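290 is the number of the first residue of the sequence shown in our numbering; add one for each residue after it. Written below as C-alpha coordinates is the structure these notes are about.
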Amino acid sequence: MPESETPLFCNYDNSNYQQDFWGEGKRAYEDASEAIALKKLLPAQGNLMLEIGAGAGRNTPRYEGYKRIVLMDYALTQMQQAQAALGKSERYVYVAADVYHLPFADSLFDGGTMIRVIHHLSELPPAFNEIERVLQTNATFILEYANKRNLKAILRYLTGKQSWNPMDLRPVEFVKLNFSNHPQTVERELTKTGFSIKKVLSVSNLRIRSLKNEKNLGWMLKVERFLQDFAGGLRLSPSIFLQTILTRQKPNALPTEFFRCPNCSSYELVEEALLVHCHGCGRDYPIVDGIYDFRLK
(Lines of atoms letter the chains of each structure in order from A and count residues from 1; the text may use other names and numbers.)
(Lines give C-alpha, C1' and ligand atoms only; values in the text may rest on other atoms or scores of the structure.)
Protein backbone atom coordinates (compact mmCIF):
# COMPACT_ATOMS: atom_id res chain seq x y z
CA MET A 1 0.00 0.00 0.00
CA PRO A 2 1.48 3.42 -0.97
CA GLU A 3 2.23 5.66 2.00
CA SER A 4 -0.14 8.31 0.64
CA GLU A 5 -3.06 5.85 0.75
CA THR A 6 -2.56 4.77 4.38
CA PRO A 7 -5.92 4.73 6.21
CA LEU A 8 -6.22 6.98 9.23
CA PHE A 9 -5.36 5.58 12.66
CA CYS A 10 -4.88 6.92 16.17
CA ASN A 11 -1.36 7.84 17.28
CA TYR A 12 -0.45 7.77 21.00
CA ASP A 13 3.10 9.06 20.52
CA ASN A 14 4.19 11.58 23.18
CA SER A 15 1.05 10.92 25.22
CA ASN A 16 0.60 9.86 28.84
CA TYR A 17 -1.72 7.03 27.78
CA GLN A 18 -0.22 4.34 29.99
CA GLN A 19 -0.49 6.39 33.18
CA ASP A 20 -3.72 8.21 32.34
CA PHE A 21 -5.64 5.12 31.22
CA TRP A 22 -4.13 2.26 33.23
CA GLY A 23 -2.32 3.94 36.11
CA GLU A 24 -3.25 3.77 39.80
CA GLY A 25 -5.47 0.74 39.29
CA LYS A 26 -8.09 2.72 37.34
CA ARG A 27 -8.83 -0.30 35.18
CA ALA A 28 -7.64 -3.16 37.39
CA TYR A 29 -10.80 -5.10 36.56
CA GLU A 30 -10.34 -4.78 32.79
CA ASP A 31 -6.64 -5.62 33.03
CA ALA A 32 -7.29 -8.74 35.11
CA SER A 33 -10.15 -9.76 32.81
CA GLU A 34 -7.81 -9.62 29.83
CA ALA A 35 -5.23 -11.69 31.70
CA ILE A 36 -7.87 -14.37 32.32
CA ALA A 37 -8.88 -14.34 28.65
CA LEU A 38 -5.32 -14.58 27.36
CA LYS A 39 -4.59 -17.53 29.63
CA LYS A 40 -7.57 -19.33 28.08
CA LEU A 41 -6.64 -18.51 24.49
CA LEU A 42 -2.85 -18.59 24.23
CA PRO A 43 -1.13 -21.79 23.08
CA ALA A 44 1.11 -23.48 25.62
CA GLN A 45 4.21 -22.69 23.61
CA GLY A 46 5.44 -21.00 20.46
CA ASN A 47 8.55 -19.63 18.79
CA LEU A 48 7.97 -16.06 17.62
CA MET A 49 5.08 -13.82 18.68
CA LEU A 50 4.08 -10.50 17.09
CA GLU A 51 2.29 -8.20 19.53
CA ILE A 52 0.61 -5.48 17.45
CA GLY A 53 -0.21 -2.40 19.48
CA ALA A 54 1.97 -3.52 22.37
CA GLY A 55 1.91 -0.09 23.98
CA ALA A 56 4.06 0.01 27.09
CA GLY A 57 4.18 -3.80 27.30
CA ARG A 58 1.26 -4.28 29.68
CA ASN A 59 0.30 -7.68 28.25
CA THR A 60 3.74 -8.82 27.06
CA PRO A 61 4.71 -10.83 30.19
CA ARG A 62 1.56 -12.92 29.66
CA TYR A 63 3.01 -14.49 26.50
CA GLU A 64 5.27 -16.66 28.59
CA GLY A 65 5.04 -19.68 26.27
CA TYR A 66 6.76 -17.90 23.38
CA LYS A 67 10.54 -17.97 23.00
CA ARG A 68 10.76 -14.51 21.39
CA ILE A 69 8.33 -11.61 21.22
CA VAL A 70 8.31 -8.69 18.81
CA LEU A 71 6.60 -5.71 20.43
CA MET A 72 5.24 -3.30 17.84
CA ASP A 73 3.47 0.01 18.23
CA TYR A 74 3.30 3.15 16.10
CA ALA A 75 4.14 5.30 19.12
CA LEU A 76 7.90 5.36 19.66
CA THR A 77 7.41 6.71 23.17
CA GLN A 78 5.25 3.69 24.03
CA MET A 79 8.03 1.39 22.80
CA GLN A 80 10.49 3.29 24.96
CA GLN A 81 8.26 2.74 27.99
CA ALA A 82 7.97 -0.96 27.16
CA GLN A 83 11.73 -1.27 26.84
CA ALA A 84 12.21 0.51 30.17
CA ALA A 85 9.78 -1.90 31.84
CA LEU A 86 10.90 -5.16 30.21
CA GLY A 87 14.55 -4.43 29.53
CA LYS A 88 16.85 -5.18 26.63
CA SER A 89 17.31 -8.87 25.91
CA GLU A 90 17.40 -11.38 23.08
CA ARG A 91 13.81 -12.34 23.92
CA TYR A 92 12.31 -8.95 23.05
CA VAL A 93 12.49 -6.99 19.78
CA TYR A 94 11.07 -3.46 19.86
CA VAL A 95 9.67 -2.01 16.63
CA ALA A 96 7.87 1.26 15.86
CA ALA A 97 5.67 0.76 12.78
CA ASP A 98 2.06 0.85 11.62
CA VAL A 99 -0.18 -2.15 11.02
CA TYR A 100 -0.87 -1.16 7.42
CA HIS A 101 2.86 -1.40 6.58
CA LEU A 102 4.31 -4.21 8.69
CA PRO A 103 8.12 -4.27 8.30
CA PHE A 104 8.40 -8.05 8.50
CA ALA A 105 9.02 -10.95 6.16
CA ASP A 106 6.15 -13.01 4.79
CA SER A 107 5.07 -15.96 6.97
CA LEU A 108 7.49 -15.10 9.78
CA PHE A 109 5.46 -15.45 13.00
CA ASP A 110 3.73 -18.50 14.50
CA GLY A 111 1.69 -16.33 16.87
CA GLY A 112 0.18 -12.87 17.01
CA THR A 113 -2.08 -10.66 19.11
CA MET A 114 -3.85 -7.37 18.50
CA ILE A 115 -5.59 -6.10 21.63
CA ARG A 116 -7.24 -2.70 22.05
CA VAL A 117 -6.12 -1.66 18.57
CA ILE A 118 -8.78 -2.05 15.91
CA HIS A 119 -11.04 0.49 17.59
CA HIS A 120 -8.37 2.99 16.50
CA LEU A 121 -8.26 1.84 12.85
CA SER A 122 -10.43 3.50 10.21
CA GLU A 123 -10.22 0.48 7.85
CA LEU A 124 -9.98 -3.19 8.82
CA PRO A 125 -9.39 -5.21 5.59
CA PRO A 126 -5.93 -3.79 4.74
CA ALA A 127 -4.80 -4.32 8.34
CA PHE A 128 -6.01 -7.93 8.35
CA ASN A 129 -4.33 -8.53 4.99
CA GLU A 130 -0.98 -7.38 6.36
CA ILE A 131 -1.34 -9.52 9.47
CA GLU A 132 -2.20 -12.55 7.34
CA ARG A 133 0.90 -11.90 5.22
CA VAL A 134 3.36 -12.03 8.14
CA LEU A 135 1.80 -15.01 9.96
CA GLN A 136 2.60 -18.63 9.19
CA THR A 137 0.07 -21.28 8.25
CA ASN A 138 -1.58 -22.59 11.46
CA ALA A 139 -0.40 -19.56 13.45
CA THR A 140 -2.59 -18.57 16.39
CA PHE A 141 -3.87 -15.00 16.16
CA ILE A 142 -5.75 -13.48 19.11
CA LEU A 143 -7.85 -10.43 18.30
CA GLU A 144 -9.76 -8.15 20.65
CA TYR A 145 -12.35 -5.67 19.45
CA ALA A 146 -14.68 -3.11 21.01
CA ASN A 147 -18.17 -4.51 20.52
CA LYS A 148 -20.68 -2.07 19.05
CA ARG A 149 -23.55 -4.47 19.76
CA ASN A 150 -22.97 -4.74 23.50
CA LEU A 151 -25.84 -5.06 25.96
CA LYS A 152 -25.50 -1.55 27.39
CA ALA A 153 -25.56 0.00 23.90
CA ILE A 154 -28.66 -2.02 22.98
CA LEU A 155 -30.52 -0.89 26.12
CA ARG A 156 -29.51 2.73 25.65
CA TYR A 157 -30.72 2.67 22.05
CA LEU A 158 -34.05 1.05 22.96
CA THR A 159 -34.68 3.63 25.69
CA GLY A 160 -33.82 6.60 23.48
CA LYS A 161 -30.59 7.50 25.29
CA GLN A 162 -28.40 6.80 22.27
CA SER A 163 -28.83 7.91 18.65
CA TRP A 164 -26.83 5.24 16.80
CA ASN A 165 -28.21 1.75 16.21
CA PRO A 166 -26.00 -1.02 17.65
CA MET A 167 -27.46 -3.47 15.12
CA ASP A 168 -26.12 -1.45 12.16
CA LEU A 169 -23.17 -3.34 10.67
CA ARG A 170 -21.21 -0.16 10.01
CA PRO A 171 -18.68 0.98 12.65
CA VAL A 172 -19.61 3.91 14.85
CA GLU A 173 -17.00 6.61 15.54
CA PHE A 174 -18.03 7.81 19.00
CA VAL A 175 -14.89 9.95 19.40
CA LYS A 176 -12.48 10.93 16.62
CA LEU A 177 -10.60 7.77 15.56
CA ASN A 178 -12.31 5.71 18.26
CA PHE A 179 -14.56 3.10 16.68
CA SER A 180 -16.86 0.37 17.92
CA ASN A 181 -17.33 -2.46 15.44
CA HIS A 182 -20.19 -4.89 14.94
CA PRO A 183 -19.16 -8.53 15.61
CA GLN A 184 -20.46 -9.67 12.25
CA THR A 185 -18.37 -7.10 10.40
CA VAL A 186 -15.12 -7.91 12.21
CA GLU A 187 -15.51 -11.66 11.99
CA ARG A 188 -16.60 -11.59 8.34
CA GLU A 189 -13.48 -9.65 7.34
CA LEU A 190 -11.26 -11.98 9.38
CA THR A 191 -12.61 -15.13 7.76
CA LYS A 192 -12.37 -13.56 4.29
CA THR A 193 -8.66 -13.03 4.98
CA GLY A 194 -8.05 -16.70 5.77
CA PHE A 195 -8.55 -16.92 9.54
CA SER A 196 -10.72 -19.58 11.16
CA ILE A 197 -12.38 -18.56 14.44
CA LYS A 198 -11.88 -21.28 17.05
CA LYS A 199 -13.05 -19.64 20.27
CA VAL A 200 -15.00 -16.54 21.30
CA LEU A 201 -14.79 -15.01 24.78
CA SER A 202 -17.01 -12.34 26.31
CA VAL A 203 -14.64 -10.03 28.23
CA SER A 204 -15.11 -7.21 30.76
CA ASN A 205 -18.70 -8.34 31.28
CA LEU A 206 -19.10 -6.35 34.52
CA ARG A 207 -17.71 -3.05 33.27
CA ILE A 208 -19.99 -0.98 35.48
CA ARG A 209 -18.47 2.12 37.06
CA SER A 210 -20.33 1.80 40.36
CA LEU A 211 -19.05 -1.76 40.85
CA LYS A 212 -15.41 -1.23 39.93
CA ASN A 213 -13.42 -0.83 43.12
CA GLU A 214 -10.76 -2.77 44.99
CA LYS A 215 -13.29 -4.20 47.46
CA ASN A 216 -15.38 -5.82 44.70
CA LEU A 217 -12.54 -6.98 42.47
CA GLY A 218 -12.29 -10.53 43.85
CA TRP A 219 -15.90 -11.61 43.31
CA MET A 220 -16.15 -9.67 40.05
CA LEU A 221 -13.29 -11.67 38.57
CA LYS A 222 -14.85 -14.96 39.69
CA VAL A 223 -18.03 -14.04 37.83
CA GLU A 224 -15.97 -12.76 34.90
CA ARG A 225 -14.08 -16.04 34.58
CA PHE A 226 -17.38 -17.92 34.27
CA LEU A 227 -19.11 -15.46 31.94
CA GLN A 228 -16.24 -15.30 29.46
CA ASP A 229 -16.99 -18.81 28.21
CA PHE A 230 -20.67 -19.02 29.11
CA ALA A 231 -21.66 -15.78 27.35
CA GLY A 232 -19.04 -15.81 24.60
CA GLY A 233 -21.42 -16.92 21.88
CA LEU A 234 -23.87 -14.13 22.69
CA ARG A 235 -21.32 -11.40 21.92
CA LEU A 236 -22.99 -8.87 24.24
CA SER A 237 -19.99 -7.72 26.29
CA PRO A 238 -18.13 -4.46 25.61
CA SER A 239 -14.98 -6.37 24.64
CA ILE A 240 -14.75 -9.55 22.56
CA PHE A 241 -11.67 -11.79 22.35
CA LEU A 242 -11.26 -14.18 19.43
CA GLN A 243 -8.86 -17.08 19.12
CA THR A 244 -8.23 -17.69 15.43
CA ILE A 245 -6.00 -19.93 13.35
CA LEU A 246 -4.60 -18.91 9.97
CA THR A 247 -5.64 -21.70 7.62
CA ARG A 248 -4.23 -20.33 4.35
CA GLN A 249 -1.45 -22.59 3.08
CA LYS A 250 1.90 -20.94 2.30
CA PRO A 251 5.62 -21.55 2.89
CA ASN A 252 7.30 -20.18 6.00
CA ALA A 253 9.88 -17.40 5.90
CA LEU A 254 13.45 -18.49 5.33
CA PRO A 255 15.69 -18.62 8.44
CA THR A 256 17.64 -15.64 7.08
CA GLU A 257 14.53 -13.47 6.61
CA PHE A 258 13.15 -11.15 9.27
CA PHE A 259 12.64 -7.51 8.30
CA ARG A 260 11.14 -6.31 5.02
CA CYS A 261 11.06 -2.70 3.84
CA PRO A 262 7.60 -1.25 4.60
CA ASN A 263 8.04 1.26 1.76
CA CYS A 264 9.11 -0.89 -1.22
CA SER A 265 8.76 -4.47 0.16
CA SER A 266 12.43 -5.23 -0.49
CA TYR A 267 14.32 -7.77 1.59
CA GLU A 268 17.62 -6.05 0.74
CA LEU A 269 18.05 -4.46 4.14
CA VAL A 270 21.38 -3.87 5.83
CA GLU A 271 21.51 -3.17 9.55
CA GLU A 272 24.16 -0.69 10.67
CA ALA A 273 24.93 0.73 14.10
CA LEU A 274 22.26 3.45 14.11
CA LEU A 275 19.98 2.58 11.19
CA VAL A 276 18.65 -0.01 8.78
CA HIS A 277 19.31 0.86 5.14
CA CYS A 278 17.12 -0.42 2.31
CA HIS A 279 19.00 -1.03 -0.94
CA GLY A 280 15.68 -1.38 -2.74
CA CYS A 281 14.47 2.21 -2.32
CA GLY A 282 17.39 3.87 -0.53
CA ARG A 283 15.38 4.64 2.57
CA ASP A 284 17.01 4.70 6.00
CA TYR A 285 15.18 3.59 9.15
CA PRO A 286 16.64 4.79 12.48
CA ILE A 287 17.51 2.51 15.37
CA VAL A 288 16.75 4.55 18.49
CA ASP A 289 18.48 3.05 21.52
CA GLY A 290 17.73 -0.46 20.30
CA ILE A 291 14.22 0.30 18.97
CA TYR A 292 13.74 -0.16 15.22
CA ASP A 293 11.83 2.80 13.80
CA PHE A 294 10.14 1.64 10.58
CA ARG A 295 7.47 4.31 10.57
CA LEU A 296 6.71 5.91 7.21
CA LYS A 297 6.62 9.64 7.92
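Every residue gets a Cβ at the ideal spot worked out from N, C-alpha and C, and that includes glycine. From a predicted model like this one, the values you see are computed outputs, not experimental measurements.
Check: So is CYS570 buried or exposed if we call it buried at 16+ other beta carbons inside 10 Å?; Outcome: exposed
Check: With a threshold of 7 Å on Cβ separation, who are the neighbours of VAL577 within its own chain once the five nearest residues in sequence on each side are excluded?; Outcome: LEU365
Check: Since I believe GLN532 is in contact with LEU330 (beta carbons under 8 Å), could you give me their beta-carbon distance rounded to a whole number of angstroms?; Outcome: 4 Å
Check: Can you look up ASP362 in the DSSP assignment and give me helix, strand or coil?; Outcome: strand
Check: If you count every other CB in all the chains shown that lies within 10 Å of the CB of THR448, and 16 or more means buried, which is it?; Outcome: exposed
Check: Can you pull the DSSP bridge partners for ILE431?; Outcome: THR402 and GLN532
Check: In or out: HIS408 buried (at least 16 other Cβ within 10 Å) or exposed?; Outcome: buried
Check: Kindly confirm or deny that the region 425–443 and the region 548–558 touch, where touching means at least three C-beta pairs closer than 8 Å.; Outcome: no
Check: Tell me whether the region 466–479 and the region 393–413 touch, counting them as touching only if at least three CB pairs, one residue from each stretch, are closer than 8 Å.; Outcome: yes
Check: Does DSSP put HIS566 in a helix, a strand or coil?; Outcome: strand
Check: Between GLU561 and ASP582, what straight-line distance do the alpha-carbon atoms span, to the nearest angstrom?; Outcome: 13 Å
Check: Can you round the beta-carbon distance between THR426 and LYS539 to whole angstroms, since I take them to be within the 8 Å contact cut?; Outcome: 6 Å
Check: Does PRO332 come out as helix, strand or coil in the three-state DSSP assignment?; Outcome: coil
Check: Checking 9 Å against the spacing of the C-beta atoms, do ARG347 and GLN307 come in under that value?; Outcome: yes
Check: Taking the alpha helix (DSSP H) that ILE443 belongs to, which residues open and close that run?; Outcome: 440–447
Check: Smallest Cα separation from ALA442: which of THR474, LEU525, VAL489 and VAL406?; Outcome: LEU525
Check: Under the assumption that PHE393 contacts LEU535 (Cβ atoms under 8 Å), give the Cβ distance between them as a whole number of angstroms.; Outcome: Not confirmed; about 14 Å, so no contact.
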